[in-house]
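> Per the UniProt record's numbering, residue 1 is the first one in the sequence shown, and the count goes up by one each step.
Beta carbons are placed, not taken as given, at the ideal position from N, Cα and C, and that holds for glycine.
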Amino acid sequence: MSYGLYVDSSGTLYVSDNTYHRVTKWLRNTIIGIVAAGNGIAGSTLEQLDSPQGVWVDGSGNLFVADTLNHRVVKWTNNATSGIVVAGGQDGTLVIPSIDPTSNIGGSSLSQIGQVLALFLDRTTNTIYLSDTGLYCLTNPCSSQSNNYRVLEWPLNGASAGTTVAGSNWVGFTDTQIGISYGLYVDSSGTLFVADSTYHQVTKWLRNTIIGIIAAGNGIAGSTLEQLNSPQGVWVDGSGNLLVADTLNHRVVKWTNNATSGIVIAGGQGQGSYSVQLNAPTAIIVDDHENLFILDAGNQRIMQYSRGSSFGVTVFGGSNDNGFGTVANSMVMDRSGNLYVADMSRNRVQQIPIITSSVCIGITSTTVPSITSE
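1. Leaving aside the five residues before and after S310 along the sequence, list all residues of the same chain whose C-beta is less than 8 Å from its C-beta, in chain order.
2. Since Y149 and I178 are thought to touch, with beta carbons under 8 Å apart, how far apart are those beta carbons, to the nearest angstrom?
3. Could you please give me the residues that DSSP links to W26 through a beta bridge?
4. Using a threshold of 8 Å, state whether the C-beta atoms of P231 and A259 are closer than that.
5. Between which two residues does the beta strand (DSSP E) harbouring residue 392 extend?
6. Quick check: the Cα distance between N299 and N229, rounded to an integer number of angstroms?
7. On the three-state DSSP scale, how would you describe G54?
8. Would DSSP call G134 helix, strand or coil?
9. Return yes when the C-beta of T224 is under 7 Å from any heavy atom of the ligand SAM, and no when it is not.
10. Please state if the CB of L63 and the CB of V73 are separated by a distance shorter than 8 Å.
11. What's the C-alpha gap between R251 and L278?
12. Can you tell me which of the three DSSP states T176 falls into?
13. Quick one, which of V202, V57, I84, N78 has its alpha-carbon nearest L49's?
14. Give the C-beta separation of L339 and F293 to the nearest angstrom, bearing in mind that I take them to be a contact with Cβ-Cβ under 8 Å.
15. Rounded to the nearest angstrom, what separates Y20 and G43 at their Cα positions?
16. Could you work out which residue in Q115, N157, S144 is closest to T127 when comparing CA atoms only?
17. Below 8 Å between beta carbons: does that hold for V234 and V202?
18. Within 10 angstroms of its Cβ, does H71 collect 16 or more other Cβ (buried), or is it exposed?
19. What distance in whole Å lies between the Cβ atoms of N78 and G59, which are believed to be in contact at a cut-off of 8 Å?
20. Helix, strand or coil: how does DSSP classify N299 here?
21. Among residues of its own chain, excluding the 5 on either side of A215, which ones have a beta-carbon nearer than 7 Å to its beta-carbon?
22. Grab the span of the beta strand (DSSP E) containing P281 for me, first residue to last.
23. Would you list the one or two residues that DSSP bridges to R251?
24. Under DSSP, the beta strand (DSSP E) around F316 begins and ends at which residues?
25. Can a CB atom of chain B be found closer than 8 Å to the CB of V244?
26. Using a Cβ-Cβ cutoff of less than 6 Å, which residues in the same chain neighbour S261 once the five nearest sequence positions on both sides are dropped?
27. Taking DSSP as the reference, what is the three-state secondary structure of T68?
28. Can you give me the start and stop residues for the beta strand (DSSP E) that N147 sits inside?
29. Specify, as a first and last residue, the run of the beta strand (DSSP E) that G183 falls within.
30. Which residue wins for smallest C-alpha separation from T163, given the options N218, N208, V315?
31. So, under 8 Å CB-CB, T133 and L117 are touching, yes? Tell me the CB distance rounded to an integer number of Å.
32. By alpha-carbon positions, which one of S188, T176, G238, T198 ends up nearest to I211?
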């Protein structure tokens, strides 16, 4: 089962294998994976991982892994047989939702992390951002739990502790607090955007500030254009517009800078499977041609919206063996415009070639491109 994907500049696909406690890499046009991190056995040594989730590769080819049940982020250089801890790794305990309670490493100090639900690597500053909003145990055995409700910025220079750049370790609705977040984005100016599923808003945090600014939503779940409902995916386009996968409103909404309401750019016609509808979208990507790709998880499909279009085109979909399940919530795109989806329902990663560098003119909603499972 995979919760995280990454495609590097050469087209190599990295898959975090939560079930077998490793990260595998798949070179372009191959059907055999290579173990890039971990040894397939759950553990806490530097040769091992325990239920990894998020993955990222920097410009030097170093692999970064959110080693979830070890409560740390580990860097693996190319062809290494062991990793280097770059964040977390102090004593504590953790419980992950939907996973059996596990005593392990974690905590709330700046040298510790709980469950990381999202990460973002800022290549310009060589810094990793961690959505440290997951559960951890306060006692062992686990009789009580807590969340950290924060985003940590961690320099990848051997630092032994991170810096809180959003949130304050306590859940709340004040301008210094956040809830649970499944989506982060850092723009070219270093502004951090946090999709807050608990408080139904996206907040932005300017560099070196401790107060968040509401960039989308008003903190109350709802379906008006001033509101969001459990947002997950978040993206900032080249014009500085904020795009939000408004998951339980079954739409994608664009918020311009300092706007008090959004503009529906996809979905918004009720929950459904028609070309003008979405069903619980979880991830969004905008390519260099300004095409919007939406992981429409509830409909088990990927939709493409051309700029200004009022309806989407299904570029991949179906609930048969060639499709993906409803528990697909991670999607990435390589530089050739191919999409990769982590299909947790069927324990596989699917590559979906998109023709002409993501410009899918001529593909109808009944056409399914060829796909390969890797």
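Reading off the structure:
1. V276.
2. For Y149 against I178, the beta-carbon gap comes to about 6 Å, under 8 Å, which counts as contact.
3. Bridge partners of W26: L13.
4. Taking 8 Å as the cut-off, the beta carbon of P231 is found no closer than this to the beta carbon of A259.
5. Outside the shown range of the chain (1 to 374) lies residue 392, about which nothing can therefore be said.
6. In a straight line, the C-alpha of N299 is about 18 Å away from that of N229.
7. Shown here, G54 sits in coil according to DSSP, grouped into three states, outside any helix or strand.
8. The answer is coil: DSSP assigns G134 none of H, G, I, E or B.
9. Among the ligands in the structure shown, none appear at all, so the ligand SAM cannot be discussed.
10. Against a cut-off of 8 Å, the Cβ pair of L63 and V73 comes out as no contact.
11. So the two alpha carbons sit approximately 6 Å from each other.
12. It is coil, neither helix nor strand.
13. That would be I84, whose Cα lies nearest to the Cα of L49.
14. With 8 Å as the limit, L339 and F293 qualify as a contact, their Cβ atoms being about 6 Å apart.
15. Going by the C-alpha atoms only, they are around 11 Å apart.
16. Relative to the Cα of T127, the nearest Cα in the group Q115, N157, S144 belongs to N157.
17. Yes, these two residues count as a Cβ contact at 8 Å.
18. H71 should be labelled buried.
19. At roughly 13 Å, the Cβ-Cβ gap does not stay under 8 Å, so G59 and N78 are not in contact.
20. The three-state reading of DSSP puts N299 in helix, counting H, G and I together.
21. Cβ contact annotation for A215 (same chain, cutoff 7 Å, sequence separation greater than five): F193, V202, T203, K204, L242, W255, in chain order.
22. 281-286 is the extent of the beta strand (DSSP E) around P281.
23. DSSP, once it has assigned bridges, lists D246, G267 as partnering R251.
24. Counted as a single uninterrupted DSSP element, the beta strand (DSSP E) harbouring F316 occupies residues 313-317.
25. No chain B appears in this structure, which consists of one protein chain only.
26. Once the five neighbours on either side are set aside, the close Cβ partners of S261 are L225, E226.
27. Residue state, collapsed to three classes: helix.
28. First-last of the beta strand (DSSP E) with N147: 145-147.
29. Its beta strand (DSSP E) spans residues 181-186.
30. Selected option, being the one with the closest Cα: N208.
31. Their Cβ separation, rounded to whole angstroms, is 5 Å, which keeps T133 and L117 in contact under 8 Å.
32. Comparing Cα-Cα distances from I211 to each of S188, T176, G238, T198, the minimum goes to T176.
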